[in-house]
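Reviewing the structure listed below.
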Amino acid sequence: MMLPFLRFLLCLWPGLLLAQLSSPPQVSPQRADTWAATDALGRSLPDNAATGDLNENKHVGIFYFLWLGAHGHDAHTKPLPDEGVMVPTDTAYRSPYDISRLLAENPANPAYGPDKAFHHWAESVFGYYLSDDDWVIVKHAQLLSDAGVDVIVFDVTNSLVYLPQALRVCTLFARLQQMGWAVPRVAFLTNSQHVKTTERIYAEFYAPGLYPDLWFRWKGKPLLMGNPEGLSPEIQEFFNFRRSWAWTKGQEWFGDGKDKWPWIDHYPQQYGWHDSPGVPEQIVVASAQHPVSNIGRSFHAGRQPAPDSIDPGRGLFFAEQWRRAWEVDPEFVFITGWNEWVAMRFTDGRAKQIMGKPVQPGDTYFVDQYNEEFSRDIEPMRGGFTDNYYYQMVDGIRRYKGTRPPQQRPGQTAAMTIDGSFTEWESVTGVYYDHLADTRHRAHPGWGRTGVYRDSSGRYDLVEARAAEGADHFFFYLRSHNDFAAGQVPEGLELLLVAGAAEMPASLGYHYRVVRGAAAGAMEVQRSRGGWEWTSIGQAAVALRGNQLELSLPKALLGDYPPVLEFKWIDNVYPAGDALRFYTHGDAAPNARFNYRFQTAKTDDR
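Residues -19 to -1, 1 to 587, numbered by mature numbering (1 follows the signal peptide of the UniProt record, and there is no 0), are exactly what the sequence shown covers, in order.
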């Protein structure tokens, strides 16, 4: 029997088709597409001059995983009836089994966990987290929004739906959406027992009308990346199906590519189409493939380098795939993937090889993930390539979708009085924003023996910054959502600046910082000596009242500064040379490794 919500929805369907062909691309209210960043390899993000203007007919999706903790910890365990996360209860856990660490400790005989137990290929920047960790889900929403991702596609390819985790993601995304975040929408990707799986998704998520504002619609209907065969007419009519599986050339499932959306493919990737074979609809961009196919992150130009020549941090496979996507320029790019992190250990001998070496019965192998080289996650990791893949993804998305030009008008002169009245800032065009409510505290169990992850470093929720230029000073303004305590600059509140020549020493790319000073009404200006070492070079006048702060920075302290300054406010982060703390501690405005751009009066001299 058709449920009332669906009966109402279908009565409106012709109008909906006309009113909304596809979900519009997510456009960051914080203007994240205008932010700067330079990764650990020195690769800088393109701006509007390099990408062209934002194209609102381009969409980006990413594979998103809900299974962390749903299959046990030390050993592979039958899922709970609702397929939710299993709360760790044993005090004698051995897991998480981190393959990268196990190999480093004993390459010849790694201390793997039991057969079929889930093993991590490495550790996420957020730890060995479970999929229902609210703090992590909010971080994901923020990072993916900042990157320009329009939809996260839940992996339900193994016939499990993980509905509690999916609903938790949606609950939090909906709250953030109400607070002005451009969160990604959601869709699902099915494969095994696709009829049963799709019927569950329809009956338990779409038919009751759960979170309709988060449904990703494609050409008039909710998108489902799966097989429509064998499903009821009602379900077939409700979704826009795009069949999805691995590889294209010579694959029966792919056929001629009509209504086919691969989630992984060899370079040069083939595209799927809908209206005409000559009009690309979708293409996949993956960061790597599989250890059992010996196609890792370093694979490029048709071959996998020898083990002593790999360089997983450079993203060579990823770069090839992005170049193909830009060349094809389809309506939709699907990225594999975000946060898979684990793979089952097998010893059944069914694989022919792993990393190019033969597999004998009893040998250990992992199909999808193994180590830094043979893994596909783009979410930043601890150690290894850290956040390189995240910024490579942002770069790829910007060159595909375009970006907006900066709002700030260069060459504007200002004469700010640093007195705590703040009225002179109202006419300034250099206005920058950060997410509201991104300083939540964390208290949630991690995987196995990791215990409870706790973090209470979120203190001042930095939401707005401004910058202006005078004849002899640069002026900076900061607004927090909550008042600064005791009416003084708090210890740990810092302004970081990229404002020096390329040959100057830098700390995480920053040449200068402005920190709390000893004297009232002043902050201390410091210049980097490299590492995370700083030398005091002067003072900046500061005034603070309530939740607002303003300061004036003498230009003379910066010497021959460049035409474009980059700046960032941080609170209670204390990076100490570790850029990953921008992700995990206090608040950073803008987020992660991003910086705001300020075009000085020198801009026209570039």
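Yeah, the Cβ is synthetic: ideal placement off N, Cα and C, and Gly gets one too.
Practice prompt. Quick one: which unbroken beta strand (DSSP E) runs of 3-plus residues sit fully inside the stretch 265 to 341? Chain order, please.
Written response: Counting only runs of 3 or more, we get 313 to 317, 323 to 325.
Practice prompt. Taking all protein chains shown into account, decide if L61 is buried (16 or more other Cβ within 10 angstroms of its Cβ) or exposed.
Written response: When all chains shown are included, L61 counts as exposed.
Fill in: Distance, E514 Cα to T398 Cα
Approximately 32 Å between the Cα atoms of the pair.
Discussion item. Between which residues of its own chain and L(-3) is the CB-CB distance below 6 Å, once the five residues before and five after are set aside?
Written reply: Unreliable placement is indicated for L(-3), whose pLDDT of 42 sits below 50; no coordinate value is reported for it.
Worksheet item: Three-state secondary structure (DSSP) at A30?
Response: DSSP places A30 in helix when its eight states are reduced to three.
Item to complete: Have a look at P258 and K39 and give me their C-alpha separation to the nearest angstrom.
Response: Approximately 18 Å, taken between the alpha carbons.
Worksheet item: If we ignore side chains and look at the alpha-carbon of each, how far apart do Y284 and H121 end up?
Response: Strictly speaking, residue 284 in this sequence is Arg, with Tyr absent from that position. Distance between the alpha carbons of R284 and H121: 33 Å.
Practice prompt. Please name the residue, chosen from S290, G294, E301, that lies closest to A282 on a Cα-to-Cα basis.
Written response: Closest in alpha carbon position to A282, among S290, G294, E301, is E301.
Worksheet item: Hey, would you say D559 sits closer than 8 Å to R440, going by beta carbons?
Response: Not in contact: D559 and R440 (Cβ atoms no closer than 8 Å).
Fill in: Neighbourhood of A524 by C-beta distance below 6 Å, restricted to the same chain and skipping five residues each side
Cβ neighbours of A524 within its own chain (closer than 6 Å, five residues either side excluded): I399, D400, G401, E531.
Worksheet item: Rounded to the nearest angstrom, how far is the Cβ of R578 from that of A21, given a contact under 8 Å?
Response: Rounded, the Cβ-Cβ distance is 20 Å, inconsistent with contact.
Fill in: Which residues DSSP lists as bridging E547, in chain order
According to DSSP, E547 bridges with V479, R578.
Fill in: Start and end residues, beta strand (DSSP E) containing Y143
Note, Y143: premise wrong, no beta strand (DSSP E); not H, not E.
Fill in: Ordered list of alpha helix (DSSP H) runs contained in the stretch 373 to 454, each at least 4 residues
Entirely contained in the stretch 373 to 454, not one alpha helix (DSSP H) run reaches 4 residues.
Practice prompt. Could you give the DSSP three-state label for V132: helix, strand or coil?
Written response: Here V132 sits in strand by DSSP.
Item to complete: Determine the burial state of R574: buried for a count of at least 16 other Cβ atoms within 10 Å of its Cβ, exposed for fewer.
Response: By the 10 Å Cβ count, R574 comes out buried.
Worksheet item: Between the C-alpha atoms of N36 and T384, what's the straight-line distance to the nearest angstrom?
Response: So the alpha carbons of these two residues sit roughly 8 Å apart.
Discussion item. Taking DSSP's pairing of strands, which residues face A168 in a bridge?
Written reply: Beta-bridge analysis with DSSP links A168 to V134.
Practice prompt. Could you tell me which residues DSSP puts in a beta bridge with T516?
Written response: The partner list for T516 (beta bridge, DSSP) reads R508.
Item to complete: Can you give me the Cβ contacts of G337 inside the same chain, cut-off strictly under 6 Å, excluding the 5 residues immediately before and after it?
Response: Cβ neighbours of G337 beyond the five flanking positions: N275.
Worksheet item: DSSP state of A466, grouped into three classes?
Response: Helix at A466.
Worksheet item: Can you tell which of P91, H416, D329, H422 has its C-alpha closest to the C-alpha of D344?
Response: Ranking P91, H416, D329, H422 by Cα distance to D344 puts D329 first.
Worksheet entry | Between the CA atoms of A89 and H416 - distance to the nearest angstrom | The straight-line gap from Cα to Cα measures roughly 47 Å.
Worksheet item: Going by beta carbon distance, what residues of the same chain come within less than 7 Å of W52, once the five residues before and after it are set aside?
Response: It should be pointed out that residue 52 corresponds to His in this sequence rather than to Trp. Short of 7 Å from the beta carbon of H52, and not among the five residues preceding or following it, lie these beta carbons of its own chain, in chain order: T58, P60, F99.
Worksheet item: Can S76 and G50 be called in contact, C-beta distance under 8 Å?
Response: The answer is no: Cβ separation not under 8 Å.
Worksheet item: Given that a residue counts as buried once 16 or more other Cβ atoms are within 10 Å of its Cβ, and exposed if not, what is T229?
Response: Buried, since its Cβ has 16 or more Cβ neighbours within 10 Å.
Discussion item. Rounded to the nearest angstrom, what separates L459 and F465 at their Cα positions?
Written reply: Roughly 11 Å separates the two Cα atoms.
Worksheet item: Taking C-alpha atoms, which residue in R304, W303, G277, F299 lies nearest to I291?
Response: For I291, the closest of R304, W303, G277, F299 by C-alpha to C-alpha distance is G277.
Worksheet item: Just to confirm, does L111 get its C-beta within under 7 Å of one of the non-hydrogen atoms of the ligand FAD?
Response: As for the ligand FAD, it is missing from this structure, which has no ligand bound.
Worksheet item: Just curious, the alpha helix (DSSP H) that E218 is in, first and last residue?
Response: Counting along the chain, E218 sits inside the alpha helix (DSSP H) bounded by residues 214 to 219.
Discussion item. I need the straight-line Cα distance from Y252 to P311, nearest angstrom please.
Written reply: So the alpha carbons of these two residues sit roughly 8 Å apart.
Worksheet item: Residue range of the alpha helix (DSSP H) that F563 falls in?
Response: Secondary structure note for F563: its alpha helix (DSSP H) is the uninterrupted segment 562 to 565.
Worksheet item: In three-state DSSP terms, what is A573?
Response: Three-state DSSP puts A573 in coil, outside helix and strand.
Fill in: Beta-ladder partner(s) of P62, from DSSP
By DSSP's assignment, P62 forms no beta bridge with any residue.
Practice prompt. Measure the Cβ-Cβ separation of Y351 and G296 and say whether it is below 8 Å.
Written response: No, these two residues do not count as a Cβ contact at 8 Å.
Discussion item. Is it buried or exposed, N87, if we count other Cβ atoms within 10 angstroms and call 16 or more buried?
Written reply: By the beta-carbon neighbour count (other beta carbons within 10 angstroms, threshold 16), N87 is exposed.
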